[in-house]
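Below: one structure, written as structure tokens.
In my numbering, the protein residues as written are 4 to 629.
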């Protein structure tokens, strides 16, 4: 086991350090100071400023402090020298004050906050050793209260530590996590005013620099279209975020942002790990929950995605992006009503949010509310006249309504704005196909395939157009290409099977229908089609079996009842045949016309199959005289 990375081992080491300090300071006669690196003796900022001059025997540090105080008094309303001195110290001025705390947990925070590659230390100073130098503010500011600060004002500018506890560099992050979770001690609670912000920024300046370089690289990635170039910028962003985290390991924003870049680059496992760490460091981090939800969505884990989006909203009730993402996730699960509710909330919070109108329009379309969908796409176009998705989606909605001229107009608008949009060429091809303009349909399908030659769905669409033109050979060829590109393309197998059957090659047809069923066991039409091919091969038992499967999946499958009824005739199962033909007739099938598609008459059927139908069944299948 790698004990360095084992969380239990880390926690054990953290607790050991805490116990060590607690035991050494159990008599209560200690004050504490945390330093992120070891400086030797503990010194004031004034001592550090004049460190080389102090070697002179006649150097008096308090004399220098007095000069500074006299100058400061000219600008201060306060009369008390110590109060002026603490204010000067707080504002970042050079003083002979050294900050300690009465709480060793706070000292531990400062020992771990910064210099991540170096060991930190906690100084345990006996109060007795600094008697006469120990001073406590009598009008403390919020920061001093939060940090439980006391000051030591040593006459020589330094004190020699009584006890030093080393905090190993590789334990710093775990210690910070523990302090945040168990004691509520964190950057936000301890460094809580402007001067603390400046101090924090100074300590972590390099980390923030790398962090913002990472953000810049990600923006560059978002601005380019070429995937290889985009990936290079993602990689650069990851390098900068990683450097930021090496400089500041307890940086939740760094983990959150790096996680998002990993997700953009397709590395979802690392993305989740980073978002987990961001949440671990900052449990109320709404953005990290939202971003982790996005990753879960991309890997198809919609339940966890929805859970994270809800948590983000719980933490931030006006979180527009999280509501929008919830809508997208519910739409993906087919829960369109719930999706629409969340899009409504987005639009209420942000009435000009184009994406929400677009997404709600898509949900309305999926839910069969086409007019509402068109209204939303109209709103998209009004808010963003050059947003191609608005026109593309409105065109698709018009096509669903059968308003193909309007659909074509919208698709053409998209292509005027973006002439390399393969899916829109495909949709335009389908719209022309529905109008019977097959040459234009094929022309647009060809253009779509030129733009995306590896996209199986485009070949499938072109196959359908060739079907409408009656060109079975090209239809077959396009199904085959679609299957080569997407070996799990169930519909392409099914439709190619139909072509093989029409060509009389029922063995190949059965192979394709069987593959369709393997890919989608609920494909009722594939069972029905395979039943037809088994019937053509006079294997009526298997035909009956497949028609039965089709009926199990689709109880009102009237053609399956009709065909199974005819198959029962071949097997001389008269009662079953009579029952199925009756159901088919009751469901609206013209069983006489269906029967006469295969046979000229009842007599023709009886002669070809060497059997005699019962009179009542024969009567069911004869055209009645006028």
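Glycine included, each C-beta is placed from N, C-alpha and C at the ideal position.
Assigned secondary structure, residue i (DSSP; H/G/I helix, E/B strand, else coil)
{"i": "residue 377", "result": "helix"}
{"i": "residue 180", "result": "helix"}
{"i": "residue 188", "result": "coil"}
{"i": "residue 37", "result": "strand"}
{"i": "residue 5", "result": "Here residue 5 scores only 42 on pLDDT, less than 50, and its place in the model is too uncertain to base an answer on."}
{"i": "residue 406", "result": "coil"}
{"i": "residue 592", "result": "coil"}
{"i": "residue 168", "result": "strand"}
Cα-Cα separation between residue i and residue j, rounded to whole angstroms
{"i": "residue 459", "j": "residue 311", "result": "34 Å"}
{"i": "residue 513", "j": "residue 570", "result": "17 Å"}
{"i": "residue 612", "j": "residue 568", "result": "15 Å"}
{"i": "residue 557", "j": "residue 527", "result": "7 Å"}
{"i": "residue 90", "j": "residue 52", "result": "19 Å"}
{"i": "residue 72", "j": "residue 159", "result": "17 Å"}
{"i": "residue 444", "j": "residue 435", "result": "5 Å"}
{"i": "residue 239", "j": "residue 231", "result": "13 Å"}
{"i": "residue 372", "j": "residue 339", "result": "10 Å"}
{"i": "residue 350", "j": "residue 406", "result": "28 Å"}
{"i": "residue 562", "j": "residue 325", "result": "47 Å"}
{"i": "residue 394", "j": "residue 541", "result": "52 Å"}
{"i": "residue 228", "j": "residue 509", "result": "47 Å"}
{"i": "residue 386", "j": "residue 401", "result": "20 Å"}
{"i": "residue 346", "j": "residue 359", "result": "6 Å"}
{"i": "residue 620", "j": "residue 516", "result": "31 Å"}
{"i": "residue 115", "j": "residue 122", "result": "8 Å"}
{"i": "residue 156", "j": "residue 137", "result": "6 Å"}
{"i": "residue 30", "j": "residue 24", "result": "11 Å"}
{"i": "residue 314", "j": "residue 283", "result": "14 Å"}
{"i": "residue 477", "j": "residue 466", "result": "7 Å"}
{"i": "residue 457", "j": "residue 428", "result": "15 Å"}
{"i": "residue 617", "j": "residue 577", "result": "8 Å"}
{"i": "residue 139", "j": "residue 28", "result": "20 Å"}
{"i": "residue 96", "j": "residue 77", "result": "15 Å"}
{"i": "residue 538", "j": "residue 523", "result": "22 Å"}
{"i": "residue 119", "j": "residue 452", "result": "54 Å"}
{"i": "residue 268", "j": "residue 223", "result": "14 Å"}
{"i": "residue 1", "j": "residue 594", "result": "Residue 1 lies beyond the stretch modelled for the chain, which goes from 4 to 629, so this question has no answer here."}
{"i": "residue 495", "j": "residue 431", "result": "21 Å"}
{"i": "residue 511", "j": "residue 546", "result": "16 Å"}
Burial state of residue i, where buried means 16 or more other Cβ atoms lie within 10 Å
{"i": "residue 565", "result": "buried"}
{"i": "residue 468", "result": "buried"}
{"i": "residue 255", "result": "buried"}
{"i": "residue 7", "result": "Because residue 7 carries a pLDDT of 43, less than 50, the predicted location of this residue cannot be relied on, and no value is offered for it."}
{"i": "residue 50", "result": "buried"}
{"i": "residue 167", "result": "exposed"}
{"i": "residue 354", "result": "exposed"}
{"i": "residue 5", "result": "Annotation note: pLDDT 42 at residue 5 (below 50); position unreliable, no value reported."}
{"i": "residue 439", "result": "exposed"}
{"i": "residue 103", "result": "buried"}
{"i": "residue 183", "result": "buried"}
{"i": "residue 337", "result": "exposed"}
{"i": "residue 41", "result": "exposed"}
{"i": "residue 550", "result": "buried"}
{"i": "residue 100", "result": "buried"}
{"i": "residue 464", "result": "buried"}
{"i": "residue 631", "result": "This structure leaves residue 631 out entirely; the chain is present only between 4 and 629."}
{"i": "residue 364", "result": "buried"}
{"i": "residue 487", "result": "exposed"}
{"i": "residue 560", "result": "buried"}
Within-8 Å CB hit, residue i to chain C
{"i": "residue 542", "result": "The structure shown contains no chain C, having only a single protein chain."}
Distance cut-off 7 Å: residue i Cβ against heavy atoms of the ligand NAP
{"i": "residue 461", "result": "Absence of the ligand NAP from the depicted structure is noted, as is the absence of any ligand whatsoever, leaving it without description."}
Every unbroken beta strand (DSSP E) inside the region 68 to 153 [3 residues or more]: List check, beta strand (DSSP E) in window: 101 to 104 and 123 to 129.
Every unbroken beta strand (DSSP E) within the region 459 to 523, with a cutoff of 3 residues, ordered by chain: With a minimum length of 3 residues, no continuous beta strand (DSSP E) run stays inside the region 459 to 523.
At least three beta-carbon pairs within less than 8 Å, the region 242 to 250 to the region 215 to 232: Yes: the two stretches touch, three or more of their Cβ pairs being nearer than 8 Å.
Stretch-stretch touch, CB-based, cutoff 8 Å, three pairs: the region 598 to 613 with the region 575 to 583: No, the region 598 to 613 is not in contact with the region 575 to 583.
Residue ranges of each alpha helix (DSSP H) within the region 222 to 266, 4 or longer: Correct list: 230 to 250.
At least three beta-carbon pairs within less than 8 Å, the region 546 to 562 to the region 516 to 530: Segments in contact, yes.
Cβ contact (3+ pairs, closer than 8 Å) linking the region 16 to 32 and the region 145 to 161: Contact check between the region 16 to 32 and the region 145 to 161: fewer than three CB pairs, one atom from each, fall below 8 Å, which does not count as touching.
At least three beta-carbon pairs within less than 8 Å, the region 122 to 134 to the region 253 to 269: Judged by Cβ distances under 8 Å, the region 122 to 134 makes no contact with the region 253 to 269, as fewer than three pairs qualify.
Runs of alpha helix (DSSP H) lying entirely within the region 413 to 464, each at least 4 residues, in chain order: Qualifying alpha helix (DSSP H) stretches, in chain order: 425 to 437 and 441 to 454.
Segments of 3+ residues assigned as beta strand (DSSP E) that fall wholly inside the region 332 to 380: If only uninterrupted beta strand (DSSP E) runs of at least 3 residues are considered, none is enclosed by the region 332 to 380.
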